[in-house]
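Asks: Numbering of the sequence shown is given in the numbering used here, commencing with residue 2 and proceeding in unit increments.
Cβ coordinates follow ideal geometry from the N, Cα and C atoms, glycine included.
So that we are looking at the same thing, I have put the structure below in structure tokens.
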Amino acid sequence: MMIKRMVRVGIDVGGTHTKAVAIDNETHEIVGKASVMTTHDHEFGVAEGIVEAFHKCLDENGIHPEEVIFIAHSTTQATNALLEGDVASVGILGIGKGGLEGVLAKRQTRIGDIPLGTGKFIHTFHSYLKMSQLNPSVIRSALESLKLQGAEVVVASKAFGVDSHEEEMMVQQVSQELNLPCTVASDISKLYGLTVRTRTATINASILPKMLETASRTQESVRRAGIHVPLMMMRGDGGVMEVEEMKKRPILTMLSGPAASVVGSLMYLRASNGVYFEVGGTSTNIGVIKNGRPTVDYSVVGGHRTFITSLDVRVLGVAGGSMVRVSGGRIVDVGPRSAHIAGLSYAAFTDPVDLVSPSVEFVQPKLDDPADYIAIKSETGTRVAITNTCAANALGLVDSSHYAYGNRDACIKAMQPLADLLNLSVEETARQILQKSTEKITAVIEELAGRYRLESDQMVLVGVGGGAAALLPFTAQTMKLSYQIPENAEVISSIGVALAMVRDVVERVLPNPSASDIAKIKREVSEMAISNGAIPESVEVHIEIDPQTQKVTAIATGSTEVKTTDLLKECTVEEAMTLAAESMNVSPGDVQLVTSNTGYYIFSVTQSGRNILRVVDKKGFIKLQRRDGIVLECDVASVREHLEKLWNACMVYRNDIMVTPDLFVILGAHLLDYSGISSLEQIEKVLRTELLDVSENATLLLVGGKNDI
Numbered sequence: 002m003m004i005k006r007m008v009r010v011g012i013d014v015g016g017t018h019t020k021a022v023a024i025d026n027e028t029h030e031i032v033g034k035a036s037v038m039t040t041h042d043h044e045f046g047v048a049e050g051i052v053e054a055f056h057k058c059l060d061e062n063g064i065h066p067e068e069v070i071f072i073a074h075s076t077t078q079a080t081n082a083l084l085e086g087d088v089a090s091v092g093i094l095g096i097g098k099g100g101l102e103g104v105l106a107k108r109q110t111r112i113g114d115i116p117l118g119t120g121k122f123i124h125t126f127h128s129y130l131k132m133s134q135l136n137p138s139v140i141r142s143a144l145e146s147l148k149l150q151g152a153e154v155v156v157a158s159k160a161f162g163v164d165s166h167e168e169e170m171m172v173q174q175v176s177q178e179l180n181l182p183c184t185v186a187s188d189i190s191k192l193y194g195l196t197v198r199t200r201t202a203t204i205n206a207s208i209l210p211k212m213l214e215t216a217s218r219t220q221e222s223v224r225r226a227g228i229h230v231p232l233m234m235m236r237g238d239g240g241v242m243e244v245e246e247m248k249k250r251p252i253l254t255m256l257s258g259p260a261a262s263v264v265g266s267l268m269y270l271r272a273s274n275g276v277y278f279e280v281g282g283t284s285t286n287i288g289v290i291k292n293g294r295p296t297v298d299y300s301v302v303g304g305h306r307t308f309i310t311s312l313d314v315r316v317l318g319v320a321g322g323s324m325v326r327v328s329g330g331r332i333v334d335v336g337p338r339s340a341h342i343a344g345l346s347y348a349a350f351t352d353p354v355d356l357v358s359p360s361v362e363f364v365q366p367k368l369d370d371p372a373d374y375i376a377i378k379s380e381t382g383t384r385v386a387i388t389n390t391c392a393a394n395a396l397g398l399v400d401s402s403h404y405a406y407g408n409r410d411a412c413i414k415a416m417q418p419l420a421d422l423l424n425l426s427v428e429e430t431a432r433q434i435l436q437k438s439t440e441k442i443t444a445v446i447e448e449l450a451g452r453y454r455l456e457s458d459q460m461v462l463v464g465v466g467g468g469a470a471a472l473l474p475f476t477a478q479t480m481k482l483s484y485q486i487p488e489n490a491e492v493i494s495s496i497g498v499a500l501a502m503v504r505d506v507v508e509r510v511l512p513n514p515s516a517s518d519i520a521k522i523k524r525e526v527s528e529m530a531i532s533n534g535a536i537p538e539s540v541e542v543h544i545e546i547d548p549q550t551q552k553v554t555a556i557a558t559g560s561t562e563v564k565t566t567d568l569l570k571e572c573t574v575e576e577a578m579t580l581a582a583e584s585m586n587v588s589p590g591d592v593q594l595v596t597s598n599t600g601y602y603i604f605s606v607t608q609s610g611r612n613i614l615r616v617v618d619k620k621g622f623i624k625l626q627r628r629d630g631i632v633l634e635c636d637v638a639s640v641r642e643h644l645e646k647l648w649n650a651c652m653v654y655r656n657d658i659m660v661t662p663d664l665f666v667i668l669g670a671h672l673l674d675y676s677g678i679s680s681l682e683q684i685e686k687v688l689r690t691e692l693l694d695v696s697e698n699a700t701l702l703l704v705g706g707k708n709d710i
């Protein structure tokens, strides 16, 4: 058979539905979609739904297995296992020296049971071995003792294992002989901090059996379908990794669903700073995109910090299907229960003829819920819920192109008896429902905007998920912000999985790192990304240095294949100027083109003594936006003096405090972001590693952004 196209398949496992999307690799057009119910209760778990959605997507859209060059899926399984306490008991084998150091190491690896915040725990058992006594026989005896106590999996955690992990690897080898799954703590994190590293490894080990079973079943089914490319899995930080890597570090998949939606959003987002919503039927995930990248933080499990980075996401129990609660003749809340939990359909998706003499009925969705949730009962026997989706449709806020679009007449008809009960108009009732929901959302947006220093004049709200249009227009209207709901918002997570890049992270504590230290960590993380499936020439590395903790973070991203066509055609300078003007809320005639190169245009507007900047790439995406910045142009030979000049010009002085600026360097099509580094000396060291093979005559564009307290 002659293969005429190459197809990328992304599968997103949600709480209710598992959705698959097939994308043409060359044009990025969607060539197939499929959706099935998520198979939580199946004998094979969610793996069955993944395979079912995959086959349905291929079969119904005439896609041949030989055409699939990439397949990946997100999973809620790690998160759900921890939430539900579906975890294995863990035996921890601490390793270290004797004496006082040994006493400390023994104490720090004995972390006890880990609470999961839901009344359930990861149960742990502990043993400690001195390095001087270590041999396979002693290890075997210790592991067998842990197994007799009830350990189903083990963790090997050595004091200073990040410097030398031979002893941890010896434990892993013996555990394999005993058919006992093992997590090596230094494989999970290279950061110092024995207690946190041990805890992170223990959480990882606790979900190993469940994740290994699902991964193996999915992998086998994909192979039987004739797909021979590696099966990839979504990470919680927005990248993908091969399933073999996931089998070692399943904890990396935590929050991979929200991560997938962000990756999909970034394919459509034309602003570098914004807040994204993933709105489902029951819950909404909210996070931040800053300088074109989603913000990440260390995951917290049961109130304990780990060394695993994932998207910094806030989860709210309010969404498109959230039900209304009424008490004392007024609306007291919306959510957290959703219509499908109560076994009700939405009024918005009901035929008006089925609503005959509708009346209000108070319901209790679950036994421990308050009995003040509202349902609407028809004389025909039809029972429906009034939800945020219904309220938004009643107010005419949902466009017909949106997934949440419903029958407005049915919404108004169903809401009338509730409005009568509240002594309000239908319109005011709908408005109060959305206001209750928006109060929760705006509080989260304001907290995130403050944490990540997002200015309201730079912010855009991006809604994804099937329920986006139920909440986003009203929230944006309330906060006086612009918003976007991209095309295919209901399957944006699956698109994000299909288009995700390989991502790997290496973190090291390096006091005053030299240029050679930075070059070494860059090589290490690049090799990890390549071993995980990234094409070498596609790998890019971003460096962050925290001067307080002396931690150096290297983040490598790369594609699994060389893309032949970008998502959008190249835009002209006039088109880019119009996009920049819209972003700055001015007319194109007020905008000046500061400079440009092969990859970017830089535009500016002066307002109230501030030089507002927008950096727009040649595809029309705003990659950088600053409300007060300076642009310099120089060659590689003179970059040091120009960087110092820019640094000093953008420094802000407030009383006795110096507020350091954010610096960015544009080299051809690459925008190097040094906003995570607050020392000019360290920026110069990192930049030196980027310019090793670049001609001294090459032109660089330097952008400095002023910050304030």
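(1) Using a Cβ-Cβ cutoff of less than 8 Å, which residues in the same chain neighbour G288 once the five nearest sequence positions on both sides are dropped?
(2) Which value, in whole angstroms, describes the spacing of the CA atoms of G467 and P66?
(3) If you follow the alpha helix (DSSP H) that I387 is part of, which residue opens it and which one closes it?
(4) What does the alpha-carbon distance come out to for the pair D114 and V223?
(5) Can you tell me which of M132, D370, E49 puts its alpha carbon nearest to the alpha carbon of Q220?
(6) As a quick exercise: from G162, V319, A395, pick the residue whose alpha carbon is nearest that of R338.
(7) Express the C-alpha separation of L356 and E153 in angstroms, rounding to a whole number.
(8) Using the Cβ count rule (16 or more neighbours within 10 Å means buried), how would you classify V301?
(9) Would you say V175 and R141 are within 7 Å of each other, going by their C-beta atoms?
(10) Need the endpoints of the alpha helix (DSSP H) that T579 sits in, please.
(11) What first and last residue would you give for the beta strand (DSSP E) that runs through P371?
(12) Tell whether a beta-carbon distance below 7 Å holds between V463 and S323.
(13) Tell me whether G33 is buried or exposed, calling it buried when 16 or more other Cβ atoms sit within 10 Å of its Cβ.
(14) Along the chain, which unbroken stretches of the alpha helix (DSSP H) at least 4 residues long are found entirely within the stretch 132-211?
(15) Going by DSSP in three states, K624 sits in which element: helix, strand or coil?
(16) Can you give the Cα-Cα distance for L568 and T28, rounded to whole angstroms?
(17) Any idea which residues DSSP pairs H74 with across the strands?
(18) Does the beta carbon of L435 fall short of 6 Å from some heavy atom of the ligand PLP?
(19) Considering only C-alpha positions, which residue in the set L83, K624, V91, D25 is nearest to N62?
(20) Output yes or no for whether 7 Å exceeds the beta carbon distance between T215 and G46.
(21) Between which two residues does the beta strand (DSSP E) harbouring D618 extend?
(22) List in chain order: all unbroken beta strand (DSSP E) runs of 3+ residues lying wholly within the stretch 34-108.
(23) Under DSSP, the alpha helix (DSSP H) around I493 begins and ends at which residues?
(24) Rounded to a whole number of angstroms, what is the C-alpha to C-alpha distance between G534 and R504?
(25) Would you kindly work out how many angstroms separate the C-alpha atoms of A143 and S128, rounded to a whole number?
(26) Near E456, what residues of its chain come up, given a Cβ to Cβ distance below 7 Å and the 5 sequence neighbours on each side ignored?
(27) Per DSSP, which one or two residues make a beta bridge with S346?
(28) Since L472 contacts I442 with CB under 8 Å, what's their CB separation in whole angstroms?
(29) With DSSP run on the structure shown, which of helix, strand or coil describes V244?
(30) Take the Cβ of V104 as the centre, count every other Cβ of all protein chains shown within 10 Å, and call the residue buried at 16 or more, exposed below.
(31) With a cut-off of 8 Å, do at least 3 Cβ pairs link the stretch 677-692 to the stretch 609-622?
(32) From M659 to I667, what does the alpha carbon distance come to, in whole angstroms?
(33) Just checking my contact of M235 with A73 at CB under 8 Å: how many whole Å lie between their CB atoms?
(34) What are the residues that DSSP puts in a beta bridge with S379?
(35) Leaving out the 5 sequence neighbours to the left and right, which residues in its chain are closer than 8 Å to C183 when beta-carbon positions are compared?
(36) Could you check whether the stretch 586-599 touches the stretch 636-651, counting it as contact only if at least three pairs of C-beta atoms, one from each stretch, sit closer than 8 Å?
Replies: Walking through what the data contain:
(1) P259, V263, V276, Y277, P295, T296, L312, D313, V314, R315, L449
(2) 29 Å
(3) Counting along the chain, I387 sits inside no alpha helix (DSSP H), nor does DSSP assign it H or E at all.
(4) Per the coordinates, the alpha-carbon of D114 lies some 37 Å from the alpha-carbon of V223.
(5) E49
(6) V319
(7) Rounded to the nearest angstrom, the two C-alpha atoms are 55 Å apart.
(8) exposed
(9) yes
(10) 574-585
(11) No beta strand (DSSP E) contains P371, which DSSP labels as neither H nor E.
(12) no
(13) buried
(14) 137-150, 167-178, 186-189, 195-207
(15) strand
(16) Because the pLDDT at L568 is just 48, under 50, the model does not fix this residue reliably, and the value given afterwards should be weighed accordingly. Straight-line Cα distance between these residues: approximately 7 Å.
(17) I12, M234
(18) As for the ligand PLP, it is missing from this structure, which has no ligand bound.
(19) D25
(20) With a cutoff of 7 Å on beta-carbon distance, T215 and G46 are scored as near each other.
(21) In this chain, the beta strand (DSSP E) harbouring D618 covers 611-618.
(22) Segments of the beta strand (DSSP E) lying fully in the stretch 34-108: 69-74, 91-97.
(23) 493-500
(24) 10 Å
(25) 7 Å
(26) R628
(27) V385
(28) 7 Å
(29) helix
(30) exposed
(31) no
(32) Pairing M659 with I667, the inter-Cα distance amounts to about 26 Å.
(33) 6 Å
(34) According to DSSP, which records beta bridges pairwise, S379 is partnered with nothing at all.
(35) V154, V155, V156, A157, V172, Q173, S176, Q177, A206
(36) no
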